[in-house]
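> Would you mind keeping the following structure in view while I ask a few things?
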Amino acid sequence: QKEVEQNSGPLSVPEGAIASLNCTYSDRGSQSFFWYRQYSGKSPELIMFIYSNGDKEDGRFTAQLNKASQYVSLLIRDSQPSDSATYLCAVNESGNTGKLIFGQGTTLQVKP
Amino acid sequence: KAGVTQTPRYLIKTRGQQVTLSCSPISGHRSVSWYQQTPGQGLQFLFEYFSETQRNKGNFPGRFSGRQFSNSRSEMNVSTLELGDSALYLCASSLEGGTLMDFGPGTRLTVL
Numbered sequence: 016q017k018e019v020e021q022n023s024g025p026l027s028v029p030e031g032a033i034a035s036l037n038c039t040y041s042d043r044g045s046q047s048f049f050w051y052r053q054y055s056g057k058s059p060e061l062i063m064f065i066y067s068n069g070d071k072e073d074g075r076f077t078a079q080l081n082k083a084s085q086y087v088s089l090l091i092r093d094s095q096p097s098d099s100a101t102y103l104c105a106v107n108e109s110g111n112t113g114k115l116i117f118g119q120g121t122t123l124q125v126k127p
Numbered sequence: 276k277a278g279v280t281q282t283p284r285y286l287i288k289t290r291g292q293q294v295t296l297s298c299s300p301i302s303g304h305r306s307v308s309w310y311q312q313t314p315g316q317g318l319q320f321l322f323e324y325f326s327e328t329q330r331n332k333g334n335f336p337g338r339f340s341g342r343q344f345s346n347s348r349s350e351m352n353v354s355t356l357e358l359g360d361s362a363l364y365l366c367a368s369s370l371e372g373g374t375l376m377d378f379g380p381g382t383r384l385t386v387l
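First to last, the protein sequences are chains A and B. Adding 15 to a residue's 1-based position in the first sequence gives its number in the numbering used here. Adding 275 to a residue's 1-based position in the second sequence gives its number in the numbering used here.
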């Protein structure tokens, strides 16, 4: 059973701090890694994707990938109350680019 | 660009009935994937269609089926509904499948 593991949280950070969200995956053949944000009652929204080892930055978001450790993380700098949501890590199943395996999500709370 | 649309947004059915959900992908997107989201199981992959062919299938019983039309619109059908089928059903589209998916708003199905 291929799995994606996330700490369910909630992760609580003060406004302006860095939020660090982590994810591990079991499928060594996975090549594509995604972070989705889901507000309560809404559908997931893609915020970051990463395919290669290392860091990828986009605005206040940085995705980090370490394939050897099977670890993906998302850093949110200068966290805002509007960042409060559930963050879903998703990984493609090896050999099946059309299938994503999702973690259970980490709930982030940013307190003013 | 217009996003992924799903109809209906809400459905209430009783056990034993069947239901058909519809998804219209973003214009130009040829891959449509379906996911089931529940509080206990999170997001789980149902199936993916590309150019009217089912390309991937998740671990759901045969009561769950789908199809894709020549205009890339997709439908999924659930027959003989069970209480456990109550969930948010999400459709996602992408250009070629597996990467950079956009989710629709979902159909909230309640089975009584």
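For glycine and all other residues, C-beta sits at the position ideal for the given N, C-alpha and C. On a predicted model such as this, the values are computed, not experimentally measured, just so you know.
In whole angstroms, give me the CA-to-CA distance for Asp-93 of chain A and Gly-278 of chain B.
Walking along the first sequence from the start, residue 93 of chain A turns up at place 78. Walking along the second sequence from the start, residue 278 of chain B turns up at place 3. Whole-angstrom Cα-Cα distance: 29 Å.
> Would you say Phe-117 of chain A reaches chain B, if we count a Cβ-Cβ gap shorter than 7 Å as a contact?
As a first step, residue 117 of chain A must be located in the first sequence, where it is residue number 102. Interface residue, yes.
> For Gln-124 of chain A versus Ser-99 of chain A, is the C-beta spacing smaller than 7 Å?
Here residue 124 of chain A corresponds to residue number 109 of the first sequence, with the count starting at 1. Here residue 99 of chain A corresponds to residue number 84 of the first sequence, with the count starting at 1. Contact flag set, yes.
> Buried or exposed: which applies to Ile-33 of chain A, given that a residue is buried once 16 or more other Cβ atoms fall within 10 Å of its Cβ?
Here residue 33 of chain A is taken as the residue at index 18 of the first sequence, counted from 1. Ile-33 of chain A should be labelled exposed.
> Please check if any C-beta of chain A sits within less than 7 Å of the C-beta of Pro-300 of chain B.
Working through the second sequence from its first residue, we reach residue 300 of chain B at position 25. For Pro-300 of chain B, the answer is no, since every Cβ of chain A falls outside 7 Å of its Cβ.
> For the beta strand (DSSP E) that Leu-356 of chain B lies in, which residues bound it at each end?
As a first step, residue 356 of chain B is located in the second sequence; it is residue number 81 there, counting from the start. Unbroken run through Leu-356 of chain B: none, as it is neither H nor E.
> By the three-class DSSP mapping on this structure, what secondary structure does Ser-297 of chain B have?
Numbered from its first residue, the second sequence carries residue 297 of chain B at position 22. In the structure shown, Ser-297 of chain B sits in a strand (DSSP, three-state: E or B).
> Could you list the residues in the segment 95–123 of chain A with a C-beta less than 9 Å from some C-beta on chain B, going in chain order?
Under the 9 Å Cβ criterion, the segment 95–123 of chain A contributes Leu-103, Ala-105, Asn-107, Glu-108, Asn-111, Thr-112, Gly-113, Lys-114, Leu-115, Ile-116, Phe-117, Gly-118, Gln-119 and Gly-120.
> Can you name the residues of chain A whose CB is closer than 9 Å to the CB of Pro-380 of chain B?
If you number the second sequence from 1, residue 380 of chain B lands on position 105. Simply Lys-57 and Ser-58.
> In the DSSP output, which residue or residues are listed as bridge partners for Phe-317 of chain B?
The residue you call residue 317 of chain B lines up with position 42 of the second sequence. With the sequence shown as reference, residue 317 of chain B is identified as Gly, and Phe is not the correct amino acid for it. Answer is B:Thr-313, bridged to Gly-317 of chain B.
> Mind listing, in chain order, the continuous beta strand (DSSP E) runs of no fewer than 3 residues lying wholly within the segment 29–109 of chain A?
If we require 3 residues or more, the beta strand (DSSP E) runs fully inside the segment 29–109 of chain A come out as 34–40, 48–53, 60–65, 69–73, 76–81, 86–91 and 100–108.
> Going by beta carbon distance, what residues of the same chain come within less than 7 Å of Gln-343 of chain B, once the five residues before and after it are set aside?
Locating residue 343 of chain B in the second sequence gives position 68, counting from the first residue. For Gln-343 of chain B, where only same-chain residues beyond five positions count, the Cβ hits under 7 Å are Val-307, Tyr-324, Glu-327 and Ser-349.
> Taking DSSP as the reference, what is the three-state secondary structure of Ala-367 of chain B?
Taking the second sequence and counting its residues from 1, the one referred to as residue 367 of chain B is at position 92. Note: Ala-367 of chain B maps to strand in three-state DSSP.
> List the residues of chain A that Glu-323 of chain B touches, going by C-beta distances under 7 Å, in chain order.
Within the second sequence, the letter at position 48 stands for residue 323 of chain B. Correct list: Gly-113 and Lys-114.
> For Lys-332 of chain B, which residues from the same chain have a beta carbon less than 6 Å from its beta carbon, with the 5 sequence-adjacent residues on both sides left out?
Sequence index remark: in the second sequence, residue 332 of chain B carries index 57 (1-based). Phe-322.
> Apply the 10 Å Cβ neighbour rule to Gln-281 of chain B and answer buried if 16 or more other Cβ atoms are within range, or exposed otherwise.
For the purposes of this step, residue 281 of chain B is taken as residue 6 along the second sequence, with counting starting at 1. So Gln-281 of chain B ends up on the buried side.
> Sorted by chain position, which residues of the same chain lie with C-beta nearer than 7 Å to Gln-319 of chain B's C-beta, five sequence neighbours on each side aside?
What you label residue 319 of chain B is simply residue 44 of the second sequence in a count that begins at 1. For Gln-319 of chain B, where only same-chain residues beyond five positions count, the Cβ hits under 7 Å are Tyr-310, Gln-311 and Gly-333.
> Quick one: which chain B residues come within Cβ less than 9 Å of Leu-61 of chain A?
Residue 61 of chain A sits at position 46 when you count from the first residue of the first sequence. Residues of chain B passing the Cβ test: Leu-375, Met-376, Asp-377 and Phe-378.
> Which residues of chain A have a Cβ atom closer than 7 Å to the Cβ of Arg-330 of chain B, listed in chain order?
Mapped onto the second sequence, residue 330 of chain B falls at position 55. Within chain A, the residues near Arg-330 of chain B are Gly-113.
> Would Gly-360 of chain B be called buried (16 or more neighbouring beta carbons within 10 Å of its own) or exposed?
Translated into positions along the second sequence, residue 360 of chain B becomes position 85. Reading off the sequence shown, one finds Asp at residue 360 of chain B, where the question assumed Gly. Buried is the call here.
> Take Gly-120 of chain A as the anchor and find which of A:Asp-73, A:Glu-60 and A:Ser-67 has the nearest alpha-carbon.
The residue labelled residue 120 of chain A in the question sits at position 105 within the first sequence. Of A:Asp-73, A:Glu-60 and A:Ser-67, the residue nearest in Cα terms is A:Glu-60.
> For Val-307 of chain B, name the three-state secondary structure that DSSP assigns.
The sequence position of residue 307 of chain B within the second sequence is 32, counting from 1. It is a strand residue.
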